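Please read the structure below before turning to the comments.
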Amino acid sequence: MKKVIVLLLLAAFGYYLAATFFYIDFGISHFTNGVRDYYLAHTVNGLSVANTVTSIVVSFRGFDTLGEVTVLFLAASALGSILYKRRHKYEERVVLFPSSRIVQAGSKLLFPAIILLGVYVFIHGHLSPGGGFQGGTIIATGFLLMLLAYQDYHVSHNILSIVESMAGILFVTFGLLGFIGGGTFLENFLPVGELGDLFSGGVVPIIYILVGFKVGAELTGVIYTVLNEKDI
Amino acid sequence: MREVLEIIGGIFILIGSIFLFLGALGIVRMPDVYNRLQAGTKATTLGGMSLILGVGLLEPDWIFKAIILVLFIGFSNPISSHALARAMYKRGRFPILGKGENMDAYREVYDKNKEEEVKS
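Respectively, the protein sequence lines represent chains W and B. In terms of this note's numbering, the first sequence opens at residue 557 and continues consecutively. In terms of this note's numbering, the second sequence opens at residue 2 and continues consecutively.
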């Protein structure tokens, strides 16, 4: 019975997917409604952001990014709640043997460099490839290095959740300020500046810095939770 | 000045590419983990460093970023391959020794640690 229902659902899903593709004529450019041209024209002239992808992700489609960040937050907290009962005591992290002194000393040297690279990537998100999600991931890898090198290295879950919540609240606050100042949610209300400057693009770099903080804190929490999982 | 820098940068890039190629060849040709690691690590450290330095010399605006990258490779590459080699040894994969060679100093430490582990 269950299998029949699943097959029916899959058939319906496949039918609608295929119907969408049959609706688009083969070989014809279907971006005829001007969205592409609007994005390309307003990225440089309206927002003065050098990276078109960033301007679409943060400004034109900023509400979707808020959804993405929320999905990531939900995934991280679900993982934490599932693994909560299986968590180790602090001394019993799952590692086979402690790292050597070379790795410990080296990771102390490399950790600030990795954090600096992550911060650089998300601060320059509106000028160069990369942005909040990528920079946050780089920061989380720095914490992963420290957690693997030192068995007694601990990240405070309270600080992580404070950083995460503050970033999320400020994201929504800037969205609402855009609603007040510009008319729509996440509309730009700050001066845009010169194309190519670090301080340009209005609200775009601020939002991406907040996304970077949020993603970095979330992924660090995920890594910490998984590393402290009990082996059953 | 610019032409001289371009020539020097080109030479650096050439040296880097040669070493990277030799490293890749060594990873294919060498028999076991440790030989592959030493081929891969030494060659890619020197190759990557000189390649990035050459790019920095070709584009003088990027020289500071290039120097930072060179330092980063100089730190991270040896440390990571050290960790790999150590992990392989701890998992019990020992280097291939030729006939008449029995010099494996780390083996004694490893066996001693293993005995203590069994006792406790």
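Glycine included, every Cβ here is placed at the ideal spot set by N, Cα and C. Note that the coordinates shown come from a computational prediction; the quantities given were computed from them, not determined experimentally.
Cβ contact annotation for G758(W) (same chain, cutoff 6 Å, sequence separation greater than five): N744, L746, V748, in chain order. Contact annotation, T776(W) with V711(W): C-beta distance approximately 6 Å; criterion of less than 8 Å satisfied.
Counting of Cβ neighbours within 10 angstroms places P61(B) among the exposed residues, the total staying below 16. In the pairwise beta carbon analysis, the region 73 to 86 of chain B is classified as touching the region 654 to 673 of chain W: at least three pairs are separated by under 8 Å. In this structure, DSSP gives E60(B) a state outside helix and strand, which the three-state scheme calls coil. Under the Cβ distance rule, S18(B) does not count among the residues neighbouring chain W, no pair being separated by less than 9 Å.
Taking V675(W) as the centre and dropping the five residues before and after it, the same chain places the C-beta of G691 closer than 7 Å to its C-beta, in chain order.
Membership of G602(W) in any alpha helix (DSSP H) is not indicated, and neither H nor E is assigned to it by DSSP. Distance from the CA atom of F13(B) to the CA atom of S51(B), rounded to whole angstroms, is 5 Å. Among the residues facing chain B, A567(W) is not included, as its CB has no counterpart in that chain under 9 Å away.
Here the alpha carbon of I64(B) sits roughly 14 Å from the alpha carbon of R3(B).
Not one beta carbon of chain B lies nearer than 9 Å to the beta carbon of A696(W).
Boundaries of the alpha helix (DSSP H) harbouring A568(W): 558 to 579, taken from the DSSP string. It is roughly 10 Å from the alpha-carbon of G772(W) to the alpha-carbon of G698(W).
If the five residues before and after A67(B) are omitted, its C-beta is found closer than 7 Å to the C-beta atoms of I53, L54, V56, G57, all from its own chain and listed in chain order. By the CB criterion at 9 Å, E774(W) and L673(W) fall outside the cutoff. In chain order, A669 make up the part of chain W whose C-beta sits under 7 Å from the C-beta of F73(B). Where I14(B) is concerned, the enclosing alpha helix (DSSP H) starts and stops at 3 to 30. Cβ-Cβ separation between L21(B) and A44(B): approximately 7 Å, consistent with a contact (criterion under 8 Å).
Taking a 10 Å sphere around the C-beta of T740(W), we find fewer than 16 other C-beta atoms and assign the residue as exposed. Note that the region 559 to 566 of chain W does not touch the region 716 to 725 of chain W; fewer than 3 beta-carbon pairs, one per stretch, sit closer than 8 Å. S655(W) has a beta carbon lying within less than 9 Å of a beta carbon in chain B. Between R87(B) and chain W, the shortest Cβ-Cβ separation is below 9 Å. CA-CA distance, N114(B) to S656(W), rounds to 14 Å. Annotated as distal: L701(W) and I658(W), with beta-carbon spacing of 9 Å or more.
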